[in-house]
């Protein structure tokens, strides 16, 4: 079941037995009583009797705009400082934020909630938390809210989720439901200074990241100020079970606290006021304050996730404001453009800083959506603003708190490349739109999503050519849904189930290659499990060892659930109890060198290209190694050579390669999230490969013990294998020497063949190429004249059926265009190499050509055909 299904299933159970699941005792002691909303049916707690909960949709919208309901007006970071000061009295420890790219967590690309920082290992109880009770200002990304940004006033694609987390283990209780809700209430009333009777607590269910539990949302005057989740259960394929570690997972949008205290119509002016002032000044447009104050009351009702009938909701608001629907949307959408640009650029700034890149795949697709939407909105409303200037505003404003953002690396180069791609896509999109409008194709919501997703055609661009187009209010939710469909993991039966884990001697004794071991089990006559082994199994992109076992060739080695399986070329005797294994030393030597070379090349690529470079994949074989890196454009040959130069500089530094095992928490604390170069690494203990001063990675591979032992690193090639990912291939040790000598032999052969020195090869090749081009041109001219002559020579007949000695369709068509006026009254069939042309005023040439060709285009009177059908 997905998160929505879990919530739907558990909501009635939690509501029915609310005294079991919610902190009833504390809520009553604070003077709150339970009521049931007459509109939505949820349970809620209030100090004063009321019929409706405080959701904006149920309570009549936001009722704090223009009001002063806190003890003072809090600025953005000031609200966080107040929160920390309140909670430190109970022993909570404030933490630094985690990166938005969740490289430590296999199931996520971007962090969407503060609890993701501690999933899966801390929440599951496998690892100790940084402290029993923690707070964190975690920047989160949520792309399903794109449509709401700038309209509801409270939604962002990137926001700070204020976290309150406690970790209660069977051995130690910290704080849970009763204490947790009391602490939040004290912060709200004493920290922020909101009167207790203005606060309502709503019962709810939360699910995410494989866990779920009851939750209490807290509201004031129609605005949700936060949500305290009591994480008690773990989702399983066939149900759920209680977690050993029970967690308070309180999440609150910091933006809302500052907004609520200031009572402004929109939260964006409270979150990044300097950036908004810049946008207002630069564009010469500032939202009308009177309109904003009136509209803000209703803004919270327009959440596309909650609306069943968006059109009716907009109509109702327009009626209450005394405006036509077009007038209302016109004003709101133009205001939204400014707010969305400010929000989207801040999200992009943080995500790109943390190592994500705009692209057309994975999480990068969402970033490209944001960036292109900024340019589309600016074009749509004629906003004269350079996004680079908006980024600089955020770097200055938000960077005063998140100081690491001031080191923005390749940000502006990335944006520049994306702008060029956007401009190219825009021209292509305009051609598609013209064609579709001319042919009167229907622009259904499904077609709009398909056009955007597959062709990059923004609906706003279509509306310029087709003003009556209705863009769905939840357009970007629909786009997002196409990219969130994922297959459920299939859990296959393990062939090693029930077997003890194999002792991996290859880590402790990397320079030993002969060993004795006991046979644990013959899975099949050629699949052997031993109690210990020196054979390294396939893993981490490194090929497995080969060798011999009792004289029988070991052709493959792999690991499953900690059990190493050796695959033999022929059966091991069924009664074998003990074996002698011997690892192929030369193969191990080159694999180790290639693995360490991969770490060295990763460092060199980062040094040459920028800190946005992360490993996106790798493979090390005895022949060569490859490293896939994140980068926003193809590499030049000069860049590839510079990576080679930097990599070999590190090789010659003769730096020791250290291997250490650390707890996951300690490794992250000591070396940062940069250790997760190859993605999430399982386990409580991480094996860290460190080249001091250059590179540190969590890695399970076998390495040399000094950079000098990889020998010379020869870069072979670079290739952009997908949007945002470049593949580097290289060799080391004897393989790199062989590669250099191979290229030397090629140069020698060319030098001897042409009778020139090495230095003269390029200019000689250029001369030969130019001569070849000239000869080709002459040949084409001769061929063109010959084709024309053949056709002209046949024009005396009424029916012409010619096979032409030309493999070039363009040459034939050039002759056709020149001679077509003379085809009148004739039937003409011209056939070339795998193509044909037909013209007739009496014969259906399209049908006729279809008899012999697979692809036919044109009309009954004139057609072209390609790809001849195989003869029977």
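Residue numbers (my numbering): 3 to 874. Quick reminder that beta carbons are idealized off the backbone N, C-alpha and C, glycines included. Everything numeric in this text was worked out from a predicted model, so none of it was measured.
- The C-beta distance from residue 673 to residue 106 rounds to 12 Å, too long to meet the 8 Å contact threshold.
- When secondary structure is reduced to three states using DSSP, residue 19 falls in the coil class, being assigned neither helix nor strand.
- Counting the other Cβ atoms within 10 Å of the Cβ of residue 120 gives 16 or more, which makes it buried.
- Listed in chain order, the alpha helix (DSSP H) elements of length 4 or more contained wholly in the region 696-765 are 735-756.
- The three-state reading of DSSP puts residue 679 in coil, since its state is none of H, G, I, E or B.
- With fewer than 16 other Cβ atoms inside 10 Å of its own Cβ, residue 199 counts as exposed.
- Counting along the chain, residue 288 sits inside no beta strand (DSSP E), nor does DSSP assign it H or E at all.
- The distance from the Cβ of residue 24 to that of residue 181 is about 14 Å, inconsistent with a contact at the 8 Å cut-off.
- In this structure, residue 606 sits near residue 648, with a CB-CB distance shorter than 7 Å.
- Residue range 660-665 is occupied by the beta strand (DSSP E) that includes residue 665.
- Sequence-distant Cβ neighbours of residue 637 in its own chain, meaning closer than 7 Å and more than five residues away, are 720 and 728.
- Taken through DSSP and simplified to helix, strand or coil, residue 252 comes out as strand.
- Burial check for residue 709: the Cβ neighbour count within 10 Å reaches 16 or more, so the residue is buried.
- The shortest C-alpha to C-alpha distance from residue 406 to any of 705, 100, 640 and 331 is the one to 100.
- Beta bridge pairing from DSSP links residue 424 with no other residue.
- Residue 138 sits buried, since 16 or more C-beta atoms from the chains shown fall within 10 Å of its C-beta.
- DSSP, reduced to helix, strand and coil, places residue 788 within a helical segment of the structure shown.
- Take the alpha-carbon of residue 247 and the one of residue 231: they are about 14 Å apart.
- For residue 473, no alpha helix (DSSP H) encloses it, and the DSSP letter there is neither H nor E.
- C-alpha of residue 609 to C-alpha of residue 633: approximately 13 Å in a straight line.
- For residue 544 against residue 704, the beta-carbon gap comes to about 7 Å, under 8 Å, which counts as contact.
- If you look at residue 270, you'll find it in the alpha helix (DSSP H) that goes 270-273.
- When DSSP states are grouped into helix, strand and coil, residue 163 belongs to the strand group.
- In the three-state scheme derived from DSSP, where H, G and I count as helix and E and B as strand, residue 836 is classed as coil.
- When secondary structure is reduced to three states using DSSP, residue 817 falls in the helix class.
- Around the beta-carbon of residue 255, 16 or more other beta-carbon atoms lie within 10 Å, marking it buried.
- Shown here, residue 97 sits in coil according to DSSP, grouped into three states, outside any helix or strand.
- DSSP places residue 437 within a helical segment (H, G or I) once states are collapsed to three.
- Around residue 546, the same chain offers 537, 538, 539, 540, 558, 559 and 560 as residues with beta carbons nearer than 8 Å, after the five sequence neighbours per side are excluded.
- The distance from the Cβ of residue 451 to that of residue 435 is about 15 Å, inconsistent with a contact at the 8 Å cut-off.
- Taken in chain order, the unbroken stretches of alpha helix (DSSP H) that lie wholly in the region 503-563 and span 4 residues or more are 507-510.
- Just so you know, the alpha carbons of residue 514 and residue 374 end up roughly 56 Å apart.
- About 7 Å separates the beta carbons of residue 245 and residue 125, which is inside the 8 Å limit, making them a contact pair.
- About 15 Å separates the beta carbons of residue 576 and residue 532, which is beyond the 8 Å limit, so they are not a contact pair.
- Below 8 Å, enough C-beta pairs join the region 332-339 and the region 152-170 to call them touching: three or more.
- Residue environment for residue 777: exposed (fewer than 16 other C-beta atoms within 10 angstroms of its C-beta).
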